[in-house]
Each structure stands twice: as C-alpha cells, then as structure tokens.
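This report refers to the structure that appears directly beneath it.
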Amino acid sequence: MKAKVYVSLKKSVLDPQGKTIHTSLRNLGYSSVEDVRQGKFFEISLDSNLSSADVQREVERIARNVLTNPVIEEFSYEIE
Amino acid sequence: MKFGVIIFPGTNCEHDVYHMIAKVLRQPVEFIWHQSHDLAGCDAIIVPGGFAYGDYLRTGAIARFSPVMEAVCGFAAKDGLVLGICNGFQILLEAGLLPGAMLRNKGLKYVCQHVYVRVESTNTPFTSRAQKGQVLCIPIGHMEGNYFVDRETLQRLENNQQVIFRYSTPEGQITEAANPNGSLASIAGICNHSRNVLGMMPHPERASEALLGSDEGLIIFESMVNALVHS
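For the record, the sequence lines run as chains U and A. Using my numbering, you'd call the opening residue of the first sequence number 1 and step up by one each time. Using my numbering, you'd call the opening residue of the second sequence number 81 and step up by one each time.
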C-alpha cells in the first residue's frame with residue numbers, strides 16, 4: 001500500500017518561497033495565478049498486509065509526529 | 081564543573097565551542113556523540129550549530145530523535161543548563177524544550193554577518209553577567225532563523241520575560257532594518273519557563289576573542305560558569 005502525504009505551511013503562516021514563486025510566475029506572464037503555496041510531498045510504502053484502518057492510523061501518526069511541525073505546518077494524505 | 085558539547089552527524093561548530101570553553105574560559109569540556117544515552121556527568125550542555133542530519137525534512141527534525149536528546153530533555157527537566165546555538169536552537173525547538181518554530185529567512189537567503197542583539201533579561205543563568213539593554217555584537221549564519229510562534233504563546237513569552245535577545249541597531253533600537261531574517265518581534269533568543277534552557281540564533285562562540293572581531297559573546301558563557309560555580 002502506498003500513502004501520499006502532502007505537507008504545507010499553515011494558511012496563517014507567511015510562505016516566502018510561495019510568494020517568490022508567485023511573483024516570478026506573474027512576471028513570466030502567467031497573469032491568472034492568484035496565489036502559490038509551496039509544500040513537501042512524501043510517498044510512503046507500507047506493509048500490504050495491514051488493514052486500511054491500520055494504514056490510515058499509521059500514516060496519520062507518521063505525518064503528525066514526524067513529517068510536520070504542528071507550530072507551522074499542516075498535512076493531508078491519500079492512500080492508494 | 082564540566083561542559084558537554086553534543087555532536088550530531090552534520091554538526092560543524094563543535095570545535096569552535098570546545099575551543100572557547102577549553103582555551104578561553106579554561107574549563108573542562110568534552111564532546112558527547114548523539115548516540116550516547118547519557119551526558120557523561122556534565123553540568124552544562126551546549127547543542128552547537130551546523131546542519132544536523134543535513135537539515136533533512138526540517139532543521140533539527142531528525143536530530144531530536146537521537147538517543148542523546150532523551151538524556152538532554154531529562155537533564156533540562158531537572159534544571160540542568162542547556163544552551164542551543166543556531167542549529168542547536170532549532171533542535172531544541174523541534175524537541176519541544178522551547179516553544180515555536182523556525183521559518184526560512186524572510187529574504188530567502190542564507191545570512192552570514194555580524195549583527196547586534198539587545199539583552200532583554202538578565203534573569204537567566206546565561207545573561208546574569210550582562211546588563212539589561214546591553215547590546216552585543218555577535219555573528220549569525222543561517223537560512224532558517226525566522227522565528228515564529230502563535231500569538232498566545234508570544235504573549236506568554238513576553239509576559240514571562242522569556243525573550244532574552246532581540247535583534248537591534250548598535251544603539252539598541254529595535255527596527256525592521258535591524259532584523260536580519262524577519263523574525264517575529266525581532267526575536268534572536270528565548271528561554272524556557274524555568275529559565276534553564278536558552279536557544280539563540282547568533283553564535284556567541286564566534287565572538288569570544290578579540291582576534292575574532294568581537295568578544296562580546298563571551299559574557300553568555302561567563303554567566304554560565306558563574307551560575308555553575310554558585311549552584
């Protein structure tokens with residue numbers, strides 16, 4: 001089983017990299033771009049014998065305890 | 081009295097700190113490898129700067145899971161003196177010994193320069209030899225020094241006088257121009273509620289001898305020695 005975890009800065013936290021990319025895109029002529037947020041992407045392979053409930057629990061624990069710093073970041077995930 | 085200097089893979093300021101303690105302060109000091117489960121009987125711990133674990137994932141994020149950090153947290157809980165410098169500060173934040181987190185510098189650049197920091201409180205074992213409002217010239221060198229914390233926690237830090245250093249002008253004015261990284265409230269260093277754990281982005285060990293261009297950082301280590309002598 002594979003989990004895709006997306007980590008990004010909370011909306012309330014300024015994302016200077018996203019801002020810079022946004023400005024660059026506008027300068028390049030992509031005038032429809034209204035905002036850019038940069039984040040991280042993790043692809044995690046898990047034991048295929050686990051039940052989907054266990055996988056979900058494990059992925060959430062990993063994302064919360066290790067992949068994100070809850071002071072500044074939040075996460076979402078998909079399981080395939 | 082013995083100082084311990086923690087080394088993670090990727091730490092690179094341990095010899096500067098070691099030299100300063102051994103040759104300038106003339107105090108006993110030893111290195112502690114990150115796989116160690118104890119602190120070798122040290123009376124004060126310094127987590128030096130560098131790029132522990134290559135800053136992978138987030139600065140300090142992997143280092144906090146090293147065996148030695150459990151010992152450091154236990155030591156801190158028993159009022160042991162812990163000083164985190166630069167990447168060491170980031171590790172203490174990730175370990176939960178200090179509140180908040182570091183964002184990338186506002187200008188998105190690695191900033192390496194001498195800055196001025198104003199001493200906001202002398203009521204710590206790290207600043208007891210300084211004067212309140214004293215301005216120290218100490219270099220910084222970091223990419224993620226843009227301190228962030230939620231509004232309630234910041235208020236609590238301010239109320240408890242846990243903000244120990246703020247970036248300032250040479251005259252001690254807090255201005256946006258004097259803030260090198262966009263840090264919230266110009267914060268350069270904070271302590272925990274019990275005041276025995278301090279994290280700071282500037283490198284006082286790089287400002288501990290006149291030969292280095294400034295010896296104004298030495299007062300932090302002299303304060304620690306003073307605290308240990310009187311404990």
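Beta carbons are placed, not taken as given, at the ideal position from N, Cα and C, and that holds for glycine.
From the options, residue whose alpha carbon lies closest to that of residue i
i: E110 (chain A); options: A:V85, A:M100, A:S116; result: A:V85
i: S208 (chain A); options: A:K82, A:P219, A:L308; result: A:L308
i: M304 (chain A); options: A:A268, A:Q253, A:I126, A:V195; result: A:I126
i: I79 (chain U); options: U:R64, U:S48, U:V66; result: U:S48
i: N261 (chain A); options: A:Q253, A:G252, A:P250, A:R246; result: A:R246
i: G252 (chain A); options: A:K212, A:E289, A:P219; result: A:K212
i: G121 (chain A); options: A:G154, A:A102, A:S146, A:V104; result: A:G154
i: E238 (chain A); options: A:T255, A:V197, A:G221, A:S266; result: A:S266
i: S8 (chain U); options: A:M280, A:Y190, A:P147, A:L183; result: A:L183
i: I218 (chain A); options: A:R106, A:F145, A:L105, A:E289; result: A:E289
i: F301 (chain A); options: A:S201, A:Y196, A:I112, A:A210; result: A:A210
i: I348 (chain A); options: A:E256, A:L105, A:Y98, A:K103; result: Since the first residue of chain A shown is 81 and the last is 311, residue 348 (chain A) is not available in this structure.
Residue range of the unbroken beta strand (DSSP E) whose run includes residue i
i: P70 (chain U); result: Looking at the DSSP string, P70 (chain U) is not in any beta strand (DSSP E), and its letter there is neither H nor E.
i: K19 (chain U); result: From DSSP, K19 (chain U) is part of no beta strand (DSSP E) but of the alpha helix (DSSP H) over 16 to 27.
i: I299 (chain A); result: Segment 298 to 309 is the alpha helix (DSSP H) holding I299 (chain A); no beta strand (DSSP E) there.
i: I125 (chain A); result: 124 to 127
i: Q193 (chain A); result: 191 to 199
i: L172 (chain A); result: Looking at the DSSP string, L172 (chain A) is not in any beta strand (DSSP E); the run it does join, the alpha helix (DSSP H), is 167 to 174.
i: L216 (chain A); result: 215 to 222
i: N239 (chain A); result: Counting along the chain, N239 (chain A) falls outside any beta strand (DSSP E), though it belongs to the alpha helix (DSSP H) covering 231 to 239.
i: A181 (chain A); result: 181 to 183
Other residues of its chain near residue i: CB distance less than 7 angstroms, five sequence neighbours each side excluded
i: V277 (chain A); result: A156, V162, L172, L177, L178, C271
i: G130 (chain A); result: G90, T91, N92, C93, N167
i: Q214 (chain A); result: V199
i: Q38 (chain U); result: D15, Q17, G18, I21
i: F169 (chain A); result: G279, M280, M281
i: K186 (chain A); result: N226, N261, G262
i: L67 (chain U); result: V5, V7, F42, F75
i: A141 (chain A); result: E174
C-alpha distance - residue i paired with residue j, whole-angstrom precision
i: Y227 (chain A); j: A181 (chain A); result: 6 angstroms
i: K40 (chain U); j: L291 (chain A); result: 43 angstroms
i: F83 (chain A); j: R61 (chain U); result: 36 angstroms
i: V233 (chain A); j: Q242 (chain A); result: Residue identity differs from the one stated: residue 233 (chain A) is Thr in this sequence, not Val. The alpha-carbon atoms of T233 (chain A) and Q242 (chain A) are separated by roughly 11 angstroms.
i: I244 (chain A); j: N65 (chain U); result: 29 angstroms
i: D159 (chain A); j: S274 (chain A); result: 7 angstroms
i: D123 (chain A); j: D96 (chain A); result: 19 angstroms
i: V33 (chain U); j: L25 (chain U); result: 7 angstroms
i: N69 (chain U); j: R57 (chain U); result: 18 angstroms
i: G164 (chain A); j: S294 (chain A); result: 20 angstroms
i: P128 (chain A); j: P147 (chain A); result: 17 angstroms
i: F312 (chain A); j: F145 (chain A); result: Missing from the structure shown is residue 312 (chain A); chain A here goes from 81 to 311 and no further.
i: Y190 (chain A); j: A268 (chain A); result: 16 angstroms
i: Q235 (chain A); j: V13 (chain U); result: 17 angstroms
i: G221 (chain A); j: L298 (chain A); result: 18 angstroms
i: A63 (chain U); j: V104 (chain A); result: 44 angstroms
Beta-carbon contacts of residue i that lie in its chain and below 6 angstroms, excluding the five residues immediately before and after
i: A143 (chain A); result: F88, A132, Y133, I171
i: P108 (chain A); result: K82
i: S263 (chain A); result: N226, Y227
i: S116 (chain A); result: V148
i: S201 (chain A); result: Q241, I244
i: S45 (chain U); result: K2
i: S52 (chain U); result: none
i: P284 (chain A); result: I218, G297, I300
i: I101 (chain A); result: F83, Q107, V109
Outcome for residue i when other beta-carbon atoms lying within 10 angstroms are tallied against a minimum of 16
i: E296 (chain A); result: buried
i: Q193 (chain A); result: exposed
i: Y136 (chain A); result: exposed
i: T139 (chain A); result: buried
i: S311 (chain A); result: exposed
i: L119 (chain A); result: buried
i: P250 (chain A); result: exposed
i: A3 (chain U); result: buried
i: L188 (chain A); result: exposed
i: R286 (chain A); result: buried
i: E256 (chain A); result: exposed
Endpoints, the alpha helix (DSSP H) within which residue i is located
i: K10 (chain U); result: K10 (chain U) -> no alpha helix (DSSP H), and no H or E assigned at all.
i: F111 (chain A); result: Note, F111 (chain A): premise wrong, no alpha helix (DSSP H); beta strand (DSSP E) at 109 to 113.
i: Y98 (chain A); result: 94 to 99
i: C153 (chain A); result: 147 to 157
i: N49 (chain U); result: From DSSP, N49 (chain U) is part of no alpha helix (DSSP H); its letter is neither H nor E.
Sequence-distant residues of the same chain with beta carbon closer than 8 angstroms to residue i, five excluded per side
i: D35 (chain U); result: G18, H22
i: I254 (chain A); result: R198, R246, Y247, S248, S266
i: V152 (chain A); result: I86, L119, I125, V127, V162, A175, L177
i: I72 (chain U); result: L9, K10, V13
i: V195 (chain A); result: C217, I218, P219, I220, Y247, A258, P260, A268, P282
**Request:** Please list the residues of the stretch 161 to 187 of chain A that have a C-beta atom closer than 9 angstroms to any C-beta atom in chain B, keeping them in chain order.
**Result:** Chain labels in this structure do not include chain B; the protein chains are U and A.
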